[in-house]
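Trainee:
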């Protein structure tokens, strides 16, 4: 059975510290998604609710203000891949015939304290830390995730000749894209010199190459083919053509490579599974939302997805192939670097952006003629979700 995104909604992604509550954020995103789908809250039959830093069973509290309908709610936490993991569940429920209308929701109210991480004993990334510390050591002067990706950047530079300008070029591109996105946390362009001269974070990475802490929520209403036909939604329902959720492989943690530790093998496998299932090539995709938590990860993702050969990600971004007028448009929303990264909401914000792109309603950000869109959502410790979407089709094609 096929599954479609009938409606999406998201809040602006903002810097942390506002007085808005997470039920308020959720209410805004879900009401927008329901209105977009043309359904009322009581029509929802199941909900997968993703977050990382909220209390246990926050999914229930997040939705209770919208209605007390006995809606089955499953709470989801898969680190930075949480939002897309909620989407995986919603799609699976619809495709299996368990329901016709499911909600996938992600939200986050982030704090500096939550992001410090670290605890005694086993952590979610203890094996990943073992690889990093043995090769690069540990510092108290930078966040743990910045050390992971900063060290991966150093390795990429040493292996392939990637330059600091290549890394900064990713940030320049994505910050420029976000100037067209009123929902983005940052909405001004950065020059290459500004990115390079910004505050150092770890290794070659500067602050404007790193995703910020953010608050926000995003939601998608996922429906069956039967629901699309019954409600006349064929001209706006975006099909989830293929999807893959994978976790770390032996290669991730046994090769000794920081590029592998930060998720390249997961990205490679999930992308291969999705493209094979849909019988398409990466060249057939017009627009991508990828997990650029740090600039180096967009370059690593280009290579792992087969957009270029291993080691050529830096030259790919330099060539202009991943922006408007190039072969692909990657992160038209501004990506995590500029749109923001409220962990639980990120994967569903990607879903919203690609839904708007494939409907042709993305305004100034619109990628001309986009028919296929690919989302990549990554979490260390470890999960990767890759999702392929197809533009709305007329009723004859749907049938």
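Numbering (full-length UniProt numbering), first residue to last: 1 to 399.
Note that the Cβ used here is the ideal one computed from N, Cα and C, for glycine as well.
Out of 141, 124, 143, 148, point me to the one whose CA is closest to residue 135's CA.
Mentor: With distances taken between Cα atoms, residue 135 lies closest to 148.
Trainee: Relative to the C-alpha of residue 98, which residue among 72, 26, 85, 78 is closest?
Mentor: Of 72, 26, 85, 78, the residue nearest in Cα terms is 72.
Trainee: Under 8 Å between the Cβ atoms of residue 196 and residue 206?
Mentor: Against a cut-off of 8 Å, the Cβ pair of residue 206 and residue 196 comes out as a contact.
Trainee: For the alpha helix (DSSP H) containing residue 385, name the first residue and the last one.
Mentor: Element bounds for residue 385: not the alpha helix (DSSP H) but the beta strand (DSSP E), 383-390.
Trainee: Please name the residue in 302, 65, 94, 55 whose C-alpha comes closest to that of residue 400.
Mentor: A query on residue 400 cannot be resolved here, the shown segment of the chain reaching from 1 to 399 and no further.
Trainee: Could you compute how far the alpha carbon of residue 88 sits from the alpha carbon of residue 243?
Mentor: Straight-line Cα distance between these residues: approximately 7 Å.
Trainee: What is the C-beta distance between residue 248 and residue 382, in whole angstroms, given that I count them as a contact (C-beta under 8 Å)?
Mentor: Right, their Cβ atoms sit about 4 Å apart.
Trainee: Please return the same chain residues whose Cβ sits closer than 6 Å to the Cβ of residue 388, not counting the five positions on each side in sequence.
Mentor: Within the same chain, residue 388 has close Cβ partners 241, 242, 274, 278, 374.
Trainee: Residue 187 and residue 212 - do their beta-carbons sit closer together than 8 Å?
Mentor: In this structure, residue 187 does not lie closer than 8 Å to residue 212 by Cβ.
Trainee: Taking only the alpha-carbon atoms, compute the straight-line gap between residue 189 and residue 175 and give it to the nearest angstrom.
Mentor: Cα to Cα, residue 189 sits roughly 5 Å from residue 175.
Trainee: Less than 8 Å between the C-beta atoms of residue 7 and residue 36, yes or no?
Mentor: Closer than 8 Å, so yes.
Trainee: In the DSSP output, which residue or residues are listed as bridge partners for residue 200?
Mentor: Answer is 206, bridged to residue 200.
Trainee: Would you mind reading off the limits of the beta strand (DSSP E) that contains residue 240?
Mentor: Here the beta strand (DSSP E) through residue 240 covers 238-246.
Trainee: Out of curiosity, what's the CA-to-CA distance linking residue 19 and residue 215?
Mentor: Approximately 11 Å, taken between the alpha carbons.
Trainee: Taking the straight line between their C-alpha atoms, what separation do you get for residue 221 and residue 58?
Mentor: Their Cα atoms are separated by approximately 19 Å.
Trainee: Spatial neighbours of residue 349 within its chain, please: C-beta separation below 6 Å, excluding the five flanking residues on both sides.
Mentor: Closer than 6 Å at Cβ, skipping near neighbours: 10, 218.
Trainee: Which one or two residues does DSSP pair with residue 373 in a beta bridge?
Mentor: In the DSSP output, where bridge partners are listed per residue, residue 373 has 287, 389.
Trainee: In or out: residue 428 buried (at least 16 other Cβ within 10 Å) or exposed?
Mentor: Here the chain has residues from 1 to 399 only, and residue 428 is not among them.
Trainee: Hey, residue 320 and residue 299: beta-carbon distance below 8 Å or not?
Mentor: The answer is no: Cβ separation not under 8 Å.
Trainee: Which residue wins for smallest C-alpha separation from residue 130, given the options 81, 46, 256, 145?
Mentor: Nearest option by C-alpha distance: 256.
Trainee: Only counting runs of 3 or more residues, tell me where the beta strand (DSSP E) segments fall wholly within the stretch 332-363, in order along the chain.
Mentor: With a minimum length of 3 residues, no continuous beta strand (DSSP E) run stays inside the stretch 332-363.
Trainee: Leaving out five residues on either side along the sequence, give the residues of the same chain with a beta carbon under 8 Å from the beta carbon of residue 108.
Mentor: Same-chain partners within the cutoff: 22, 51, 52, 53, 54, 214, 215, 216, 217, 342, 343, 344, 345.
Trainee: Under a three-way DSSP split, which group does residue 120 fall into?
Mentor: Only weak support is given to the placement of residue 120: the predicted model assigns it a pLDDT of 45, under 50, and the value that follows is read from those uncertain coordinates. Here residue 120 sits in coil by DSSP.
Trainee: For the beta strand (DSSP E) that contains residue 10, what are its first and last residues?
Mentor: First-last of the beta strand (DSSP E) with residue 10: 3-10.
Trainee: Between the stretch 277-293 and the stretch 349-367, can you find at least three pairs of beta-carbon atoms closer than 8 Å?
Mentor: As far as the Cβ criterion goes, the stretch 349-367 touches the stretch 277-293, which means the pair count is three or higher.
Trainee: Evaluate residue 111 with the Cβ neighbour count: other Cβ atoms within 10 Å of its Cβ, from every protein chain shown; 16 or more gives buried, anything less gives exposed.
Mentor: Under this definition residue 111 is an exposed residue.
Trainee: Taking 8 Å as the limit between beta carbons, can you name the residues of its chain near residue 260, skipping five residues before and five after?
Mentor: Same-chain partners within the cutoff: 251, 252, 253.
Trainee: Evaluate residue 158 with the Cβ neighbour count: other Cβ atoms within 10 Å of its Cβ, from every protein chain shown; 16 or more gives buried, anything less gives exposed.
Mentor: By the neighbour-count rule (16 or more Cβ atoms within 10 Å), residue 158 is not buried but exposed.
Trainee: On the CB-based measure, 16 or more other CB atoms within 10 Å of its CB, does residue 138 come out buried or exposed?
Mentor: Under this definition residue 138 is an exposed residue.
Trainee: In terms of residues, what are the limits of the beta strand (DSSP E) holding residue 108?
Mentor: Residues 101-108.
Trainee: Closer than 7 Å by C-beta to residue 280: which residues in its own chain qualify, once you throw out the five before and the five after it? Chain order, please.
Mentor: So the qualifying residues of the chain are 372.
Trainee: Residue 385: buried (16+ other C-beta within 10 angstroms of its C-beta) or exposed?
Mentor: Residue 385 comes out buried.
Trainee: Roughly how many whole angstroms lie between the Cα atoms of residue 390 and residue 4?
Mentor: Rounded to whole angstroms, residue 390 to residue 4 spans 9 Å at the Cα level.
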